[in-house]
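Numbers in our numbering are just positions in the sequence shown, counted from 1, shifted up by 111.
The C-beta atom is built at its ideal place from N, Cα and C for all residues, glycine as well.
Just so you know, these numbers come straight off a predicted model, no measurement behind them.
Below is one structure, written out as structure tokens; comments come after it.
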Amino acid sequence: MTLAQLRVFEAVVAEGGFAAAARALGVSQPAVSAQLAALEKARGLRLIDRGTGAPTPEGAALHEITRPLFALADRAEQHLAQAERLGGEPLRIAADSPGHLMPLLARMRAQHPDLRFVVTGGNASEALDAVRSGSVEIAIAAEVPEDRTLHRVVLRRQDLVAVVRTDHPRAGDKTLRLAELAGEPLIGREQGSVTRSALERAAADAGVPLRYAMIADTREAVLVAAAAGLGVGIVAEDEMLDDPRLVMLDLSAPEIPVTEYLVCRAGFEDTAAWGALMAARPA
Numbered sequence: 112m113t114l115a116q117l118r119v120f121e122a123v124v125a126e127g128g129f130a131a132a133a134r135a136l137g138v139s140q141p142a143v144s145a146q147l148a149a150l151e152k153a154r155g156l157r158l159i160d161r162g163t164g165a166p167t168p169e170g171a172a173l174h175e176i177t178r179p180l181f182a183l184a185d186r187a188e189q190h191l192a193q194a195e196r197l198g199g200e201p202l203r204i205a206a207d208s209p210g211h212l213m214p215l216l217a218r219m220r221a222q223h224p225d226l227r228f229v230v231t232g233g234n235a236s237e238a239l240d241a242v243r244s245g246s247v248e249i250a251i252a253a254e255v256p257e258d259r260t261l262h263r264v265v266l267r268r269q270d271l272v273a274v275v276r277t278d279h280p281r282a283g284d285k286t287l288r289l290a291e292l293a294g295e296p297l298i299g300r301e302q303g304s305v306t307r308s309a310l311e312r313a314a315a316d317a318g319v320p321l322r323y324a325m326i327a328d329t330r331e332a333v334l335v336a337a338a339a340g341l342g343v344g345i346v347a348e349d350e351m352l353d354d355p356r357l358v359m360l361d362l363s364a365p366e367i368p369v370t371e372y373l374v375c376r377a378g379f380e381d382t383a384a385w386g387a388l389m390a391a392r393p394a
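Structural data, given as structure tokens:
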């Protein structure tokens, strides 16, 4: 008995006949018949009913073994093919918050020096749309809803913070209560941003009215506006830059947490690229 013979047997059962198995394997039908006959002769068993083309009881029992065996073999082949391509086309990533993406990519490159990346920005909604459309393979996005077309893994959890200029009256404080935002001109993110939706949801639950002095479509613009004294910026904690003009204040009563995810289309999680990403993810 050889693996080649078992592969032929598996193909005959899976494809529903000798002709279909020959097409699937890329060989002639006589070659399929010869391999199966050799397997049956070696074991003294009839595995396929030549009249119906269906497996005999002995063949059905064997199929329960060969089906997972060759499914695993196919997965191994796909994994190795993906691994060969890791140094080929760049891995495309859309990130709504690049702050912790770059260390992740650096760890991936340390393990796979030939890896290349193309990184695009945008808010969480745009990053997820890019994954769904196939324009990128991976997204980093916050508060990703359940979706059977997507595969998601938690990257990290963090809180929203307030950012003010060093001469702001509250710059000497460590925290800012959510209710205290009611009297402040805010610098917020655009519609579709998880930062904005999380803030507005918490404010609505607490009955706190918000007043926007400015809407910005990037976290960098929020920070620059806060540094210019245009108001109180609201960003995720890891989006704060080392800028001597700015002070970060924790938001409290309540804290406003957000969860960041690594996301791909369902099925991509079986690839070597996703495996390399998971190996680089912080524990």
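For residue i, report the span of its beta strand (DSSP E) as first-last.
i, result
"residue 368", "368 to 376"
"residue 325", "322 to 327"
"residue 359", "357 to 363"
"residue 118", "Residue 118 -> not in any beta strand (DSSP E); alpha helix (DSSP H) instead, spanning 114 to 126."
"residue 270", "261 to 276"
"residue 386", "Looking at the DSSP string, residue 386 is not in any beta strand (DSSP E); the run it does join, the alpha helix (DSSP H), is 383 to 391."
"residue 253", "249 to 253"
"residue 159", "Per DSSP, residue 159 belongs to no beta strand (DSSP E) and is neither H nor E."
"residue 206", "202 to 206"
"residue 228", "228 to 231"
"residue 347", "343 to 347"
"residue 287", "286 to 288"
Is the CB-CB distance between residue i and residue j below 7 Å?
i, j, result
"residue 272", "residue 282", "no"
"residue 130", "residue 122", "no"
"residue 350", "residue 322", "no"
"residue 333", "residue 253", "no"
"residue 319", "residue 336", "no"
"residue 269", "residue 366", "no"
"residue 297", "residue 343", "yes"
"residue 266", "residue 380", "no"
"residue 374", "residue 220", "no"
"residue 312", "residue 338", "no"
"residue 174", "residue 124", "yes"
"residue 227", "residue 209", "no"
"residue 317", "residue 289", "yes"
"residue 299", "residue 251", "no"
"residue 128", "residue 164", "yes"
"residue 112", "residue 148", "no"
What residue from the options has the CA that sits closest to residue i's CA?
i, options, result
"residue 378", "173, 230 and 249", "249"
"residue 260", "269, 242 and 268", "242"
"residue 307", "327, 293, 288 and 317", "327"
"residue 172", "233, 183, 157 and 186", "157"
"residue 287", "374, 353 and 358", "358"
"residue 353", "325, 277, 143 and 170", "277"
"residue 126", "178, 151, 169 and 386", "178"
"residue 364", "382, 314, 384 and 387", "314"
"residue 144", "255, 224, 233 and 119", "119"
"residue 255", "137, 182 and 369", "369"
"residue 185", "387, 382 and 386", "382"
"residue 280", "245, 225, 233 and 340", "340"
"residue 146", "232, 386, 117 and 384", "117"
Given a threshold of 16 other Cβ atoms within 10 Å of its Cβ, counted over all protein chains shown, does residue i qualify as buried or as exposed?
i, result
"residue 222", "exposed"
"residue 302", "exposed"
"residue 139", "exposed"
"residue 132", "buried"
"residue 176", "exposed"
"residue 161", "exposed"
"residue 115", "exposed"
"residue 212", "buried"
How far does the alpha helix (DSSP H) with residue i in it reach, from first residue to last?
i, result
"residue 302", "No alpha helix (DSSP H) contains residue 302, which DSSP labels as neither H nor E."
"residue 243", "235 to 244"
"residue 221", "212 to 222"
"residue 333", "330 to 338"
"residue 134", "129 to 136"
"residue 147", "140 to 154"
For a test of your reading of the model: does the CB of residue i fall under 6 Å from any non-hydrogen atom of the ligand COA? Yes or no.
i, result
"residue 293", "Summarising the ligand content, the structure contains no ligands, and the ligand COA is consequently not present."
Mind checking if residue i is an interface residue toward chain E, Cβ cutoff 7 Å exclusive?
i, result
"residue 244", "Reference to chain E is not applicable here, since this structure consists of a single protein chain."
Check your understanding: Given 8 Å as the limit, is there contact between the stretch 201 to 219 and the stretch 229 to 248, that is, 3 or more CB pairs closer than that?
Key -> yes
Check your understanding: Does the stretch 381 to 392 touch the stretch 208 to 220, meaning 3 or more C-beta pairs lie closer than 8 Å?
Key -> yes
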